[in-house]
Every structure is written in structure tokens, then in C-alpha cells.
Amino acid sequence: MLSKEKQSLTAIVLAGGQSSRMGQDKALLTIGNQSLLSYVCNVAQESANWVYIVAPWVKKYHHFAEHSSVSLVQESLIDPKAQSNCPLVGFYQGLEQVKTEWVLLLACDLPRLNSHEIKRWSESLNDLPQDAIALLPRHAKGWEPLCGFYRSNCRASIQKYLEQGGRAFQPWLRENRVVEWEICDRNMLFNCNTKDDWLEVKENKL
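Heads up: the sequence shown at position 65 corresponds to 341 in our numbering, and the numbers run straight through without jumps.
Printed below as a string of C-alpha cells:
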């Protein structure tokens, strides 16, 4: 029987970015017999009942939906001249599918994601202040928005922000109350942006 904590959590994985610095789709990079996107989705499934992959071209990732708890969400481009939306728009569109109070948002390029850390913090979500919209790690320049927990009702706040022309996570987060997620192992926040990043991941075997 699923725990109460797991029943109350949905995961959204953002994929389909331009990967301009990598030179190829980061989501489809492989370690051993699985892709980076598969790895992130597998970790997400250990903490959440429902996992949604949000991407502007879902046909490329259709095979990830073979698992019953993973679904694809077609991301609509708000700028027809762009190849992809900004991450905040993808998150906003993915939230339309969510029925749970809390959402785990993950980028698709987190090869050192730690399911133990995620599970430990997901169990404390109900203890957060009611006016807090997110539980996120912090770095020197601000919040780490693509590896953390959000209340699903933050969608209304994002919509208002987008209608005002906003697109970036950091300014939107500064307008709301966010609680810091004091991560024990900050290596789990390592993301692959370049070929050198990917080489480091392969050499260390995760």
C-alpha cells in the first residue's frame, strides 16, 4: 500500500530544451543502458505516484510513456518563432495536469539526483507554512528552481506573472515566500549543460 506522503506528490520533468551548449538533446544522452531522462524519471517514480514529462515535441519521447505512471504533456510554444519555451512556461503548462497539493519539479539533466534526499524532504512538506509556495535549494545567485517542491496552486501566481510579461523563475520566486531546502548532498544538483559536464558524469559513473 502506498504511503500517504507518496500519494500526495506528483512529479513534473521538463525536457525538450534547445541544449545549445551540449550540441545534442541532453535528455537522450545515455549512461549504460538508460538515457538521462529515463534516469531522472526513475528517481521521480520512487517518490511520486504520477510523473509527467513536459516537452514541446512529445513524439521524440513517446517510449518513456511505456510505464503506467509516466505521462507525456505536449508543451505549446507561446512564441511560434522559438524552438522551445522557457522552463517556467513548461512548468506552468504541466501544472494543468496536477491534482495533488505538492509537485516535485525536476530538470531532465540531473544525473546525480538522490532519491533518498527527495523522499526525506517530501515527508516534511505538510509542515511548511501555508503561505510558502515552494521548498527549494539555494545557491549564491538565488534559488535552484528546477530541483524542488512547489504547491500546485502556485499556477495562478505564475499565470499572472506570465501575463505581465515575466518569463524567468528568479523574479517570480522573489515575489513569493520560498522555504530553503537544506540539501545534505549538493552533488545531486549537478546538471549537464556542456560536453565537459557530460564527460565528467561518464567518468564518475554517476
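Idealized CB from N, CA, C, for every residue including glycine.
These numbers were taken from a predicted model, which means no experiment stands behind them.
Note to self: On the DSSP letters alone, give me the boundaries of the alpha helix (DSSP H) that Y315 sits inside.
What the structure shows: Run containing Y315: 312 to 321, per the alpha helix (DSSP H) assignment.
Next item on the list: Please state whether DSSP places G366 in a helix, a strand or coil.
Entry: Looking at G366 - three-state DSSP - the assignment turns out to be helix.
Next item on the list: Work out the CA separation of Y328 and V454 for me, nearest whole Å.
Entry: The alpha-carbon of V454 is positioned some 23 Å away from that of Y328.
Checklist line | W378 burial status per 10 Å Cβ neighbour count (16 or more: buried) | finding: Label assigned to W378: buried.
Item checked: Within the stretch 361 to 414, ranges of the alpha helix (DSSP H) (whole runs, at least 4 residues) -> With a minimum length of 4 residues, the continuous alpha helix (DSSP H) runs that stay inside the stretch 361 to 414 are 363 to 371, 391 to 398.
Check: In this structure, does DSSP put S279 in helix, strand or coil?
Finding: For S279, the predicted structure reports a pLDDT of 43, less than 50, and the residue's modelled location is therefore unreliable. A value from the coordinates is still provided. Correct three-state label for S279: coil.
Next item on the list: Any chance you could list the beta strand (DSSP E) runs of at least 3 consecutive residues sitting entirely within the stretch 405 to 475, in chain order?
Entry: Runs of the beta strand (DSSP E) spanning 3 or more residues and lying entirely within the stretch 405 to 475 occur at 408 to 412, 423 to 427, 453 to 456, in chain order.
Next item on the list: Grab me the residues of P363's own chain with a C-beta within less than 8 Å of its C-beta, minus the 5 sequence neighbours each way, in chain order.
Entry: Counting only residues of its own chain and dropping the five nearest sequence neighbours on each side, P363 has a CB closer than 8 Å to the CB of L290, G293, A383, P421, L422, F445.
Note to self: Quick check: does the Cβ of W474 come within less than 7 Å of any heavy atom belonging to the ligand FAD?
What the structure shows: As far as ligands go, the structure on display features none, and thus does not contain the ligand FAD.
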